[in-house]
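Position in the sequence shown counted from 1, then plus 1371, gives you this note's numbering.
One structure is given below, encoded as structure tokens.
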Amino acid sequence: MDSYPFPLKNTPADEVEIESKRRGKSIYQNYELLGRILERHEETIQKRWLKKDRKQRIEVLLTAWPFYDLWRQVGTDPEVKVKQHSSILWPYINKESLGKPTPFLLLVNSRGRHPPPLFLDTDAQYFNKVALTEMVVERPYPTEDMKLILRGVSEDDYGTVKKFPEAAPEVWLHLSNKDYDWPTSTIYGKEWPMWQYSTAAGMVILEIQERLMDFLVKCCYRILHEIEPNSLFSDTYPVQPEPTLPSTTQTEGLQTSLLEITFEAPYRVPTRLNFANLEKLFAARAAAAEDHVWAMREDPNYFAEQISDMYDHVQLIGDTREHKSKWGAAIGQALANAYTMIEVFTEAHRITKRLCELQEKYASVINPTENLPDEYNDLFRPYYEGGCVSAEA
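This is how it looks when you write it as structure tokens:
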């Protein structure tokens, strides 16, 4: 396509940057506005939202994003997806999810109280889905070898278009902003260039953030409809402490289901190496593995279904693992897999729980330029390497 994500096909870098910085400015303006609204009115927004029924919540959402219904009608036809790409870029904005009590409150809190760059990796995943539908402009285009700068820059430079500086690989050990005019981060006492996005990916990310921030601001205005916009920030409504987010069954207890964790993820602040959340995840997986074994033991129909599925798999790959009968191979493999999953996730939960304790124990002494304490490092390294192997597998 020549016209998505923005007419990149024949557009020079300076014109692309005009549009990208316009979007960046719009994003930050709405981020600051949303933040000011939440400082004074988040508790009121929470109370009013929770009092509304599903129909009333959807009415607010439709007011803020009137072509809402079109998103959910998008099928699998790539040509339709090109025309109605909202279902790809904002799949978490839908009636079924946001009609529930808490997702909107999680979303408005996360996006309004945390800066846009924190969500870059979250939003970038939707560009990858767009690319799979062959919606993205194909090479060549004028800015194909340039980057759209979104990490490590001020809000005024959010969306700058630059070409990655050319230098010998060993130079990067001593890279600095002064020398190369490129955002860097310090790792192990060295300056490294921060990874940035292609212009195509960057424009999609900016589109996602711009429309989402506008949507959230409009929703808040609608919820606070009886207050004149000019009065929202008056002394009548002083700045308040950040309220506690409403508790739900999705956020309580170690037995949180995988479905619930996955459901809430797009609405929450992205976390990095949060062992507490991983502990919940592995506890849920271990519990699910145990339920699977008990179900096979106690429910003959469920057992037969699992063996039948494994038999189809054995037939497909032709692996009988020295069993004379394919049915024997299927039974053996189904049982081995079931008990292996219990062992794997129970052990992962045990290690993660210990890492959570060590993370808290060493929180005040961990320095990114130094090695981890031996006790922490000895447990974390095999855990990390095992996770990478599993992910690659």
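Ideal placement from N, C-alpha and C gives every residue a C-beta, glycine not left out.
Measure from the alpha carbon of residue i to the alpha carbon of each residue in the options, then state which is nearest.
i: Y1710; options: E1537, R1725, Q1611 and A1657; result: A1657
i: R1639; options: H1412, V1387, E1386 and R1482; result: R1482
i: T1531; options: R1394, F1716, G1470 and R1425; result: R1394
i: P1487; options: Q1580, G1573 and E1467; result: Q1580
i: A1435; options: D1585, T1415 and L1652; result: D1585
i: V1685; options: N1672, A1675, W1566 and G1699; result: G1699
i: I1429; options: Q1400, S1468, E1403 and E1669; result: S1468
i: Y1402; options: L1489, E1676 and S1458; result: L1489
i: M1712; options: V1479, V1501, V1508 and A1655; result: A1655
i: Y1682; options: Q1567, N1381 and K1697; result: K1697
i: Q1496; options: E1599, L1577, R1725 and A1701; result: L1577
i: W1420; options: G1470, L1519, L1503 and R1668; result: G1470
i: Q1611; options: S1391, I1416, K1380 and E1390; result: I1416
i: P1600; options: R1407, S1391 and A1701; result: R1407
i: Q1567; options: L1583, A1647, G1523 and T1382; result: G1523
i: T1607; options: C1591, P1614 and I1598; result: I1598
i: E1661; options: S1397, N1708, P1617 and E1676; result: N1708
Give me the Cα-Cα distance between residue i and residue j, rounded to the nearest whole angstrom.
i: L1595; j: T1633; result: 30 Å
i: D1528; j: E1388; result: 10 Å
i: M1506; j: P1472; result: 34 Å
i: A1666; j: K1418; result: 42 Å
i: L1477; j: L1743; result: 33 Å
i: L1460; j: K1466; result: 16 Å
i: P1564; j: A1705; result: 48 Å
i: T1723; j: V1736; result: 20 Å
i: L1521; j: V1664; result: 48 Å
i: V1431; j: E1631; result: 24 Å
i: E1526; j: C1727; result: 34 Å
i: K1454; j: V1575; result: Note that K1454 scores a pLDDT of 47, beneath 50, so its modelled location is shaky and nothing firm can be said.
i: Y1463; j: F1377; result: 23 Å
i: P1753; j: A1571; result: 37 Å
i: E1410; j: F1604; result: 9 Å
i: T1557; j: F1535; result: 18 Å
i: T1620; j: E1635; result: Per-residue confidence for T1620 stands at a pLDDT of 42, beneath the threshold of 50, marking its modelled position as unreliable; no derived number is given.
i: A1384; j: L1404; result: 30 Å
i: T1493; j: K1533; result: 23 Å
i: F1751; j: Q1730; result: 10 Å
i: D1424; j: P1641; result: 28 Å
i: E1413; j: N1645; result: 26 Å
i: R1725; j: S1569; result: 39 Å
i: E1746; j: L1652; result: 24 Å
i: L1544; j: D1552; result: Confidence at L1544 is low in this model, with a pLDDT of 45, below 50, so its placement is unreliable and the value that follows should be read with caution. Rounded to the nearest angstrom, the two C-alpha atoms are 15 Å apart.
i: F1674; j: R1668; result: 7 Å
i: T1447; j: K1426; result: Confidence at T1447 is low in this model, with a pLDDT of 46, below 50, so the placement of that residue is unreliable and no value is reported for it.
i: S1391; j: H1720; result: 44 Å
i: E1386; j: P1637; result: 32 Å
i: G1573; j: L1519; result: 6 Å
i: K1695; j: I1702; result: 12 Å
i: P1609; j: K1422; result: 23 Å
i: P1511; j: Y1399; result: 31 Å
i: Y1592; j: L1503; result: 36 Å
i: V1501; j: K1380; result: 17 Å
i: E1509; j: P1474; result: 36 Å
i: N1748; j: A1734; result: 14 Å
What span of residues does the alpha helix (DSSP H) with residue i cover, start to end?
i: M1667; result: F1646 to E1669
i: K1423; result: Note, K1423: premise wrong, no alpha helix (DSSP H); not H, not E.
i: Y1512; result: First-last for Y1512: undefined, no H or E at that position.
i: N1480; result: P1474 to R1484
i: Q1730; result: K1697 to K1732
i: I1598; result: Where I1598 is concerned, there is no enclosing alpha helix (DSSP H), given that its DSSP letter is neither H nor E.
i: Y1497; result: L1491 to L1503
i: S1457; result: S1457 to L1460
i: K1466; result: K1466 to L1469
Per DSSP, residue i forms a beta bridge with which residues?
i: K1518; result: K1533 and S1569
CB of residue i to nearest heavy atom of the ligand SAM: below 8 Å?
i: I1737; result: As far as ligands go, the structure on display features none, and thus does not contain the ligand SAM.
Is the CB of residue i under 9 Å away from at least one CB in chain B?
i: I1713; result: The displayed structure is made up of one protein chain only, and chain B is not part of it.
Ranges of the alpha helix (DSSP H) found wholly within the stretch 1376-1400, counting only runs of at least 4: Taking only runs of at least 4 residues, no alpha helix (DSSP H) segment lies wholly in the stretch 1376-1400.
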